[in-house]
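Report on one structure; see the data block that follows.
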Amino acid sequence: MKKIYFVGLPVKEKGIEDFSYLAGKIKEAKFYWFCLKLDNSIKNKYKKINFLVGLNDREMKKKISDMDLMACCSRFEGFCLPIAEAILLKKPVISYRLKEVESTYLNNIEYIKCFSLNKYVRGIKKVISNKGLCKDAKKARMFVINNYSPEVVSQRLLKIIF
Amino acid sequence: MNKKIIALTTDPYGNIHGYSLVFIRLFNFIQKNNPDLTVTLISNDGVCSKIVNNKKFLKIKLNPKSNLLFKTIFLAFLFIKNVWHCDKGSVLISNTEIPELLAAFFLKIKFKHGNIYCIVHDNHVRDKLLKTKMINKLRNFLIKRVNNAIFVNRYTMKQLDSSINKFYIGNPIF
């Protein structure tokens, strides 16, 4: 059984409804959602999702390294930090084609037409059955390191302000 | 002469917000890796500053249960009060919540125009509530007044009009 995950607040803007829909449609995988806090009402509403709550960074990395795919269903993002974290752990990522996400990660992740759940289901099925749609994890990791490492970004900032 | 940076951010109480955490981590990283720089980060005592836990950074104690409008104005006032006595040759960088943008706007009286920047993450209106739309309009107004905007993604950078000075840094991943 494949494992698919996302990290974030369990709210609509972060795509929890779509994630839950995917969990209902894709029986070949288990769906996990990492968050710091969780109300019982959310847990009861999205019963198809396995919530992993309140893990520290180390525990989370360990759990994520055991996952097969990150599915980001978020509808509003500035840059979506969990995508970069997934790439650094060499996990394949699928996301809606949000302009902010696309301009940040370019062709290093897989994109699904915005809010098309049927296409999302097909995309995930392709990845977990190893029939395509999977970027070069090493290349993606180098892209993130070369463009968004703290050293690179802080040097860019200091160059601007001094 | 020793270069000085003053960074201002709101730090949420309930949940971790990537924007605050990344901002605090970035200046924590800059401080630890640039001994020739003096970095002062000022925030309220929310969840992200607890994660980074840099004892040299200044945390303003607020009552998390206070009214949002009161917290916003009070935090802006405390930012201004804490920054006012600083060397006016310092570079001031604010995050893009209303308290720090308000403080940056008023601190233009004291600091040289070119020395105040804000870091902009995205420009979404996340729901249809009037309150959210008004906050977004106020945020855009203040970003324009601050006039020097540093962006973490190129798409948002293109969206804001070119009457302001725009710069790109990308988003640091820790």
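Keeping their order, the protein sequence lines are chains E and Z.
Quick note on numbering: the first sequence equals residues 29 to 190 in this note's numbering.
Quick note on numbering: the second sequence equals residues 137 to 310 in this note's numbering.
Every residue gets a Cβ at the ideal spot worked out from N, C-alpha and C, and that includes glycine.
The model shown is predicted, which means the values in this text are computed figures rather than measured ones.
*Along chain E, in chain order, which residues have C-beta atoms closer than 8 Å to that of residue 149(Z)?*
Chain E residues near residue 149(Z): none, gap ~12 Å exceeds 8 Å.
_Selection of the segment 161-182 of chain E by Cβ proximity to chain Z, strictly under 9 Å_ = Of all residues in the segment 161-182 of chain E, 172, 173, 175, 176, 177, 178, 179, 180, 181 and 182 have a Cβ within less than 9 Å of some Cβ in chain Z.
*asked:* Please report the straight-line C-alpha distance between residue 51(E) and residue 151(E), rounded to a whole angstrom.
replied: Straight-line Cα distance between these residues: approximately 13 Å.
*asked:* What are the residues in the segment 37-51 of chain E lying within 7 Å of chain Z by C-beta distance?
replied: Within the segment 37-51 of chain E, the residues whose Cβ lies closer than 7 Å to some Cβ of chain Z are 37 and 41, listed in chain order.
*asked:* So residue 190(E) contacts chain Z; which residues on that side make the cut at Cβ distance below 8 Å?
replied: Going along chain Z in sequence order, the residues near residue 190(E) (Cβ under 8 Å) are 139 and 227.
*Inter-residue Cα distance where the pair is residue 295(Z) and residue 183(E)*: Those two C-alpha atoms are separated by around 25 Å.
*Rounded to whole angstroms, what's the CA-CA distance from residue 102(E) to residue 145(E)? Just pull it up for me.*
Taking the straight line from one Cα to the other gives about 12 Å.
*Neighbourhood of residue 71(E) by C-beta, 8 Å cutoff - its chain only, sequence neighbours within 5 removed*: Cβ within range, chain order: 79.
*Where residue 257(Z) meets chain E, residues with beta-carbon distance less than 8 Å*: Residues of chain E with a Cβ closer than 8 Å to the Cβ of residue 257(Z) are, in chain order, 106 and 107.
*asked:* One question on the structure: do residue 142(Z) and residue 256(Z) come within less than 8 Å of each other, judged by their Cβ atoms?
replied: Taking 8 Å as the Cβ cut-off, residue 142(Z) and residue 256(Z) do not qualify as a contacting pair.
*CB of residue 279(Z) within 8 Å of CB of residue 254(Z), strictly*: The Cβ atoms of residue 279(Z) and residue 254(Z) sit closer than 8 Å to each other.
*asked:* Between residue 127(E) and chain Z, is the shortest Cβ-Cβ distance under 8 Å, so that the two count as touching?
replied: By this cut-off, residue 127(E) is an interface position.
*Where in the segment 163-192 of chain Z do unbroken runs of the alpha helix (DSSP H), each at least 4 residues long, occur, reported from the N-terminal end onward?*
Those alpha helix (DSSP H) runs which fall completely within the segment 163-192 of chain Z and span 4+ residues are 183-188.
*Residue burial classification, residue 287(Z) (beta-carbon count within 10 angstroms, cutoff 16)*: Around the beta carbon of residue 287(Z), 16 or more other beta carbons lie within 10 angstroms, which makes this residue buried.
*Beta-bridge partners of residue 98(E), as assigned by DSSP*: Residue 98(E) is bridged to 33(E) and 121(E).
_I'd like to check one pair, residue 234(Z) with residue 208(Z): are the Cβ atoms closer than 8 Å?_
In this structure, residue 234(Z) lies closer than 8 Å to residue 208(Z) by Cβ.
*Could you tell me whether the segment 152-170 of chain Z touches the segment 181-192 of chain Z, using the rule of 3 or more Cβ pairs below 8 Å?*
They touch, by the three-pair rule.
_Assigned secondary structure, residue 152(Z) (DSSP; H/G/I helix, E/B strand, else coil)_ = The three-state secondary structure of residue 152(Z), taken from DSSP, is coil.
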